[in-house]
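A.B. asks: First residue of the sequence shown? That's 4 in this note's numbering, and the numbers climb one at a time after it.
Note that the Cβ used here is the ideal one computed from N, Cα and C, for glycine as well.
Computed from a predicted model, the values in this text were never measured in an experiment.
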Amino acid sequence: MTSNETAAQNIFKVLLVYFKDQSINKMVQFKIKRVYEDYAEADGYRVLVDKLWPRGMKKEALKYDYWAKDITPSTALRRWCHEDIPGHWNEFTIRYQEELADSSHVADFLDLIKPYPVVTLLYASKEPVHNHARILRDYLEIHLKE
């Protein structure tokens, strides 16, 4: 075997390992979007992540694939946060992450979304920064890697 053939084989082995790792580490891309925004094909698998149905939205008007009620903040936690969203936000984030960590539904949800390259988390809140969909997205991104 010539040195060129050996070099080519080594390059081929490196490429095989690289592409194998790419397929294993292929991650879901998460997007966050208000339910009132228009549907786009680029949204991929659309998941409603509110416990309550969005106000003023007819069920047939919302294009979604799954309603993930089981991984939303508890009613008590949601109500507590809404008393003073900016003031409670940091504590809300911690408590919601604890609820997610204690939930058996998160693993099921991760299994559900793994086949989809893009998952859009849909929320109704008018608040683009202080909303639980952002916390959920960050939590899911971390735990999808595990």
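Could you have a look at L1 and say whether DSSP puts it in helix, strand or coil?
C.D. replies: Residue 1 is absent from the model: the chain starts at 4 and stops at 149.
A.B. asks: Tell me which same chain residues have a C-beta within less than 8 Å of the C-beta of M60, skipping the five on either side of it?
C.D. replies: Around M60: V38, Y39 and A127.
A.B. asks: Quick one: Cα of D53 to Cα of L125, how far?
C.D. replies: Roughly 8 Å separates the two Cα atoms.
A.B. asks: Between L143, E130 and D87, which has its C-alpha nearest D114's C-alpha?
C.D. replies: For D114, the nearest C-alpha among the options comes from L143.
A.B. asks: Sorted by chain position, which residues of the same chain lie with C-beta nearer than 8 Å to K62's C-beta, five sequence neighbours on each side aside?
C.D. replies: Closer than 8 Å at the Cβ level, and outside the excluded window around K62, lie W56.
A.B. asks: So if DSSP puts L51 in a beta bridge, which residue, or which two residues, is it bridged to?
C.D. replies: In DSSP, L51 forms a bridge with W70 and L125.
A.B. asks: For the alpha helix (DSSP H) holding R98, just list the boundary residues, first then last.
C.D. replies: Looking at the DSSP string, the run of the alpha helix (DSSP H) that includes R98 is I88 to D105.
A.B. asks: Counting Cβ pairs, one atom from each stretch, are 3 or more of them under 8 Å apart for the segment 43 to 51 and the segment 64 to 71?
C.D. replies: With the cut-off at 8 Å, the segment 43 to 51 and the segment 64 to 71 touch.
A.B. asks: Taking the alpha-carbon positions, what's the F95 to L80 distance?
C.D. replies: Looking at the two C-alpha atoms, the distance is approximately 7 Å.
A.B. asks: Got a sec? Which residues, its chain only, sit under 7 Å from A136 by beta carbon, not counting five neighbours each side?
C.D. replies: These residues qualify, in order along the chain: I35, V52, L124 and Y126.
A.B. asks: In whole angstroms, what separates the C-alpha of E44 from that of T78?
C.D. replies: Distance between the alpha carbons of E44 and T78: 32 Å.
A.B. asks: Could you name the residues that DSSP lists as bridge partners for I35?
C.D. replies: According to DSSP, I35 bridges with L124.
A.B. asks: Report the CB separation of V31 from L103 in whole angstroms; it is logged as a contact under 8 Å.
C.D. replies: Not quite, the Cβ-Cβ distance comes to about 16 Å (not below 8 Å), so this is no contact.
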